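Below: the structure, in structure tokens.
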Amino acid sequence: MRLYDTLTREVHEVRPVREGLVTMYTCGPTVYRFAHLGNLRTFMLGDLIRRGLELEGYRVTQIMNITDVGHMTDEASSDAVDKMLLAVEDEGLTPLDIAEKYAEAVFTDAEAVGIRPAHEYPKATDHIQEMIELTQTLIDRGHAYVVESGSVYFDVTSFPGYGKLSGNTLDHLREGHRDLESDPAKRHPADFALWKAAGPGRLMKWESPWGVGFPGWHIECSAMSMKFLGERFDIHTGGNDLRFPHHEDEIAQSEAAVGHQVVSIWVHGGHLRQTGQKISKSTGNVIQVEDLTARGLDPLSFRWLTFQTRYRSEMDFTWDAMDAADAKVKQLRRRMADWAPAAATSSDAAAAFDARFRDSVAADLDMPSAVVVVNDLVGDAGVPDGEKYTLLAAWDAVLGLDLEREATSGWTAPDDVLELVARRDAARAAKDYAESDRLRDELTGVGLEVMDTPEGTRVRPRI
Ligand SMILES: [Zn+2]
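In terms of the working numbering, the sequence shown opens at residue 214 and continues consecutively.
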């Protein structure tokens, strides 16, 4: 798998720090409002990388944080208010109730569009101590300073690489990025808060060596990524809007604290736009999963829509394109049902299609090319139907479109069948072909069709 690294601006082969295991950190949701399709496209990126790596045989550990300390994520203005506080006032719930409510909603929506759960969802509020310790380390190492109010700032001039990710170096600070946090006590306008003294009206606040306050937003991801994945890990993902200041500041904090590079590859996803505007709460053109289901669309079809565009590019959302994607996914499921009775064999033509699909995914997630391979396969008269079925069923591990839904009529293998499948895969791995054949017969004997795929044995009811 090769991925475009935002830091070096080059495509790199994923070479995991730990043999066979890829470690990935994904910046997760802020939980004071519902996720929109733009958020979900961004979260889908991490899951897609994971699915692609698993197709190549890697194990992947994915961590996604939950930002439940009310931060001002995209508003850099000095009059920005605590979003969590606003939600609390609007809804009459406590901050923790708000966080729980919206985290639950994000999980439900993510599942609806086929994003599989991360392995851990650390919450910022559960890791205040780690953030305080990391802040103290940065003070001790001369990278941060405490001001009279009790806030702690990172000293950007102490980290020579500052700006390397976003290009917002200290010589070339972009207009509007000069002073995100105005505080006359700061030594340099680009210095950013690791810890902020709590002002009046601040609901979520904690004790610290510097007084009562709350952590800066960026320190959360430095503290939790290194706690769960170690001081060197493989992939960090997030939306394009997080490159600066969030990820720039995360690099400065983490690398200054441990003295070396922490993340091997930084991957950033493009925005989703509607009628030329970024989909966001502030532009008022928010589309949520429930808007898809209200139109009778399968939320999984949104995946097919996103596959038409490279993940780094901005993508335009139109309802016409969404309707077409939905029709296509439903048509693919019907074709799968038609092909299901055919015997699964394996031809050179099918192997060539399989290689093309895998190459597309491995080439920095070139999903538009993978879509072409799917369409070419479906239309190719030279590949037997059973092989088309087997290939699409295997590729669905990446596509995540539930393509066997109609073919299996919602059938899922019961535990005793899964047990036989596992035993057969073990026998095949041990080259015990007599036992493997015997288990195939046993599965066939209970009315199942048995398919051999690169991922092992697959079964479906014989129709
Ligand atoms: Zn983050």
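Glycine included, every Cβ here is placed at the ideal spot set by N, Cα and C. The structure displayed is predicted, hence computed values, not measured ones.
Out of the options, which has the shortest C-alpha to C-alpha gap to residue i?
| i | options | result |
| --- | --- | --- |
| A323 | L351, E617, P397 and N252 | N252 |
| A411 | H473, E361, T450 and S649 | E361 |
| I448 | V630, E662, I262 and L614 | I262 |
| P335 | T239, T350, T348 and L416 | T239 |
| P667 | L633, E648, E600 and W624 | E600 |
| G683 | M437, P373, F520 and F441 | In the structure as shown, the chain begins at 214 and stops at 676. Residue 683 is therefore absent and cannot be evaluated. |
| A331 | G595, P242 and D533 | P242 |
| M439 | Q275, G414 and E226 | Q275 |
| D539 | G305, Y524 and W517 | W517 |
| P397 | T370, G414, S364 and N381 | S364 |
| D577 | M277, H481, F446 and A562 | H481 |
| D165 | T519, K418, G660 and R523 | The chain is shown from 214 up to 676; residue 165 falls before or after that span and cannot be answered. |
| A341 | A318, K418 and T382 | One point to set straight first is that residue 341 is Ile, not Ala, in the sequence displayed. Cα-wise, what sits closest to I341 is K418. |
| T657 | V630, K644 and Y646 | V630 |
| G595 | S573, G613 and F566 | F566 |
| E655 | E632, F457, M277 and V591 | E632 |
| M277 | T236, T307 and P308 | T236 |
Is the beta carbon of residue i sitting closer than 8 Å to the one on residue j?
| i | j | result |
| --- | --- | --- |
| I432 | M344 | yes |
| S421 | S467 | no |
| Q474 | H249 | no |
| M214 | L266 | yes |
| P512 | V230 | no |
| G424 | K409 | no |
| L378 | V301 | no |
| Y358 | A465 | no |
| V584 | R569 | no |
| D404 | F367 | yes |
| S526 | G483 | yes |
| A318 | D281 | no |
| R264 | V611 | yes |
| R675 | E619 | no |
| A469 | R354 | yes |
| F441 | E304 | no |
Tell me which same chain residues have a C-beta within less than 7 Å of the C-beta of residue i, skipping the five on either side of it?
| i | result |
| --- | --- |
| Y315 | V244, Y245, R246 and F247 |
| R228 | none |
| S291 | With a pLDDT of only 37 at S291, under the threshold of 50, the placement of this residue in the model should not be trusted; the figure read from the coordinates follows. Excluding positions up to five away in sequence, the list reads S395. |
| G233 | Y271 and R272 |
| L485 | L250, G251, R254, I492, M528 and F530 |
| D218 | H225, I478 and W479 |
| D287 | Unreliable positioning characterises D287 in this predicted model, as indicated by a pLDDT of 35, which lies under 50. The coordinate reading is nonetheless provided below. If we look at D287 and ignore the five residues flanking it on each side, its Cβ neighbours are D454. |
| E444 | V471 and V475 |
| K399 | Y366 |
Using 7 Å as the cut-off, classify the Cβ of residue i as near or not near the heavy atoms of ligand 1, replying yes or no.
| i | result |
| --- | --- |
| N278 | yes |
| H481 | no |
| L459 | Here residue 459 is His; the residue named in the question, Leu, does not match the sequence. At least one heavy atom of ligand 1 is nearer than 7 Å to the Cβ of H459, so yes. |
| G451 | yes |
Which residues in the same chain as residue i place their Cβ atom closer than 8 Å to its Cβ, once the five residues preceding and following it in sequence are excluded?
| i | result |
| --- | --- |
| D609 | D615, L616 and E617 |
| A626 | V634 and V672 |
| F320 | P330 |
| H385 | G376 |
| I352 | Y358, V359 and V365 |
| E269 | M214, R571 and A575 |
| D579 | R523 and S573 |
Less than 6 Å between C-beta atoms, sequence neighbours within five positions excluded: which residues of the same chain meet that for residue i?
| i | result |
| --- | --- |
| G389 | In this predicted model, G389 has a pLDDT of only 49, less than 50, meaning its place in the structure is not dependable; the value taken from the coordinates is given anyway. No residues qualify anywhere along the chain. |
| G669 | D638 |
| T621 | R673 |
| R653 | V663 |
| G452 | T255 and G482 |
| A337 | T280, D281, V282 and E433 |
| E648 | A640 |
For residue i, decide whether its Cβ has a neighbour in chain D, counting only Cβ atoms nearer than 8 Å.
| i | result |
| --- | --- |
| H332 | Although the question refers to chain D, the structure presented lacks it and comprises just one protein chain. |
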